[in-house]
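Going by our numbering, the letters in the sequence shown line up with residues 18 to 227, in that order.
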Amino acid sequence: MFKTPAIITKVDNYKENHLLISVFSCEFGKKSLIVFGGKSKKKNTDFVKGIISEIEFNKENSCLNTNLIQSYNWFLFDKYRLKVIDYSCFLINKLLFLEDKQSEILNTYQGLLIAMNNSSNYLVDLIQLELEILKSSGYQPDLSDSVIKKVLGDGLSINANSYDELINSLRNDQKLQKVFSDFMEKVMAKVLNNLNINLPFNRSEIIKKN
Numbered sequence: 018m019f020k021t022p023a024i025i026t027k028v029d030n031y032k033e034n035h036l037l038i039s040v041f042s043c044e045f046g047k048k049s050l051i052v053f054g055g056k057s058k059k060k061n062t063d064f065v066k067g068i069i070s071e072i073e074f075n076k077e078n079s080c081l082n083t084n085l086i087q088s089y090n091w092f093l094f095d096k097y098r099l100k101v102i103d104y105s106c107f108l109i110n111k112l113l114f115l116e117d118k119q120s121e122i123l124n125t126y127q128g129l130l131i132a133m134n135n136s137s138n139y140l141v142d143l144i145q146l147e148l149e150i151l152k153s154s155g156y157q158p159d160l161s162d163s164v165i166k167k168v169l170g171d172g173l174s175i176n177a178n179s180y181d182e183l184i185n186s187l188r189n190d191q192k193l194q195k196v197f198s199d200f201m202e203k204v205m206a207k208v209l210n211n212l213n214i215n216l217p218f219n220r221s222e223i224i225k226k227n
């Protein structure tokens, strides 16, 4: 028997009254698990795409139990935040497969959920999650000082070995957030295109225009 914090990235119907869920955890990577009786009213609310739960499963890949760690106020979310959930789960489900105990995916995703639950500006948290997904999947973009200056201007110098400086700089400047978000849209499009993966909607649809 295994137990781990995980993001539920996809939920599908499976046979009669069951569900097939895709989850991602840093300890086990991507797993497809059967939830027997998952369509029942008692269990159904435990298996919502985008939530973080402690998942208990066995070697036959049957989900035995869940305990909610971080959810989101889906009934209060506007269409943009709901699409952020869809977009994030899509990327994680399509790009992340292997376990990586050093990964910050869960922590970064949880930070994004918290920002959206608090109705805060979540664009930087989304960018940070995208960068972590690309890093963990082996498609980390070139963020050398020369690239950052080309994207954000000569006045900004960033240590390419850490995202922290970049993220902190973006948090303090909404104009830079928009510019770097446009850059990330091109980066993600290139990565997904090279892998023959099509987004179900344009990334621009998840960014609310001011």
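Don't be surprised by glycine CBs; every beta carbon is placed ideally from N, CA and C.
Bear in mind that the values here come from a model prediction, so they are computed numbers and not experimental data.
Checklist entry - Cα separation between lysine 27 and tyrosine 139? => result The residue you call residue 27 lines up with position 10 of the sequence shown. The residue you call residue 139 lines up with position 122 of the sequence shown. About 22 angstroms.
Next on the checklist: For threonine 125, report the span of its alpha helix (DSSP H) as first-last.
Outcome noted: Working through the sequence shown from its first residue, we reach residue 125 at position 108. It spans 122 to 134 - the alpha helix (DSSP H) in which threonine 125 sits, taken as one unbroken run.
Item to check | Element boundaries [beta strand (DSSP E), containing valine 87] | outcome: Locating residue 87 in the sequence shown gives position 70, counting from the first residue. Position check: residue 87 holds glutamine in this sequence, whereas valine was assumed. Taken as a continuous stretch (DSSP letters only), the beta strand (DSSP E) holding glutamine 87 covers 80 to 87.
Checklist entry - Between glutamate 44 and glutamate 116, which are expected to be in contact by the criterion C-beta below 8 angstroms, what is the C-beta distance as a whole number of angstroms? => result The residue given as residue 44 occupies position 27 in the sequence shown. The residue given as residue 116 occupies position 99 in the sequence shown. The Cβ separation is near 6 angstroms, so the contact holds.
Next on the checklist: So, with DSSP's three-state summary, where would you put valine 196?
Outcome noted: By 1-based counting over the sequence shown, the position of residue 196 is 179. Valine 196 falls in the helix class under three-state DSSP.
Item to check | Environment of leucine 212 [buried if 16+ CB atoms lie within 10 Å] | outcome: To locate residue 212, count along the sequence shown from 1; it is residue 195. Residue environment: leucine 212 is assigned as exposed (fewer than 16 neighbouring CB atoms within 10 Å of its CB, all protein chains considered).
Checklist entry - To which residues does DSSP link glutamate 73 through a beta bridge? => result For this step, residue 73 is matched to residue 56 along the sequence shown. DSSP output for glutamate 73 lists Lys20, Asn82 as bridge partner(s).
Item to check | Alpha-carbon to alpha-carbon, aspartate 181 and proline 217 | outcome: In the sequence shown, counting from the first residue as 1, residue 217 sits at position 200. In the sequence shown, counting from the first residue as 1, residue 181 sits at position 164. In a straight line, the C-alpha of proline 217 is about 30 angstroms away from that of aspartate 181.
Item to check | Nonlocal neighbours in the same chain, by C-beta distance under 8 angstroms from isoleucine 184, ignoring five residues either side | outcome: Within the sequence shown, the letter at position 167 stands for residue 184. Same-chain partners within the cutoff: Val141, Ile144, Gln145.
Checklist entry - Does DSSP classify phenylalanine 41 as helix, strand or coil? => result As a working note, residue 41 is residue 24 in the sequence shown. Correct three-state label for phenylalanine 41: strand.
Next on the checklist: Whole angstroms are fine: how far does the CA of lysine 20 sit from the CA of asparagine 82?
Outcome noted: Taking the sequence shown and counting its residues from 1, the one referred to as residue 82 is at position 65. Taking the sequence shown and counting its residues from 1, the one referred to as residue 20 is at position 3. Answer to the nearest angstrom: the Cα atoms are 9 angstroms apart.
Checklist entry - Does the beta-carbon distance from leucine 85 to serine 70 come in below 8 angstroms? => result Within the sequence shown, numbered from 1, the residue matching residue 85 stands at position 68. Within the sequence shown, numbered from 1, the residue matching residue 70 stands at position 53. Result yes, Cβ atoms of leucine 85 and serine 70 sit closer than 8 angstroms.
Next on the checklist: Mapping the DSSP letters down to three states, classify aspartate 190 as helix, strand or coil.
Outcome noted: Stepping through the sequence shown from its first residue, residue 190 is reached at position 173. It is coil, neither helix nor strand.
Next on the checklist: I want to know whether the segment 44 to 56 touches the segment 95 to 102 - three or more CB-CB distances under 8 angstroms.
Outcome noted: no
Checklist entry - In three-state terms, what does DSSP make of leucine 108? => result As a first step, residue 108 must be located in the sequence shown, where it is residue number 91. DSSP places leucine 108 in helix when its eight states are reduced to three.
Item to check | Neighbourhood of asparagine 110 by C-beta distance below 6 angstroms, restricted to the same chain and skipping five residues each side | outcome: For the purposes of this step, residue 110 is identified with residue 93 of the sequence shown, where counting begins at 1. Excluding positions up to five away in sequence, the list reads Thr26, Lys27, Ser39.
Checklist entry - How many whole angstroms separate the CB atoms of serine 154 and leucine 129, which I take to be in contact at a CB cut-off of 8 angstroms? => result For the purposes of this step, residue 154 is identified with residue 137 of the sequence shown, where counting begins at 1. For the purposes of this step, residue 129 is identified with residue 112 of the sequence shown, where counting begins at 1. The pair is not a contact, with the Cβ atoms about 17 angstroms apart (cut-off 8 angstroms).
Item to check | DSSP bridge partner residues for tyrosine 31 (one or two, in chain order) | outcome: One-based indexing of the sequence shown puts residue 31 at position 14. Its beta-bridge partners are His35.
Checklist entry - Got a sec? Which residues, its chain only, sit under 6 angstroms from phenylalanine 200 by beta carbon, not counting five neighbours each side? => result Indexing the sequence shown from 1 puts residue 200 at position 183. So the qualifying residues of the chain are Val168.
Next on the checklist: Let me make sure I understand the geometry here. Which of Phe41, Asn210, Gly170 has the alpha-carbon closest to that of valine 196?
Outcome noted: Against the sequence shown, residue 196 aligns to sequence position 179. For the residues Phe41, Asn210, Gly170, the minimum Cα distance to valine 196 belongs to Gly170.
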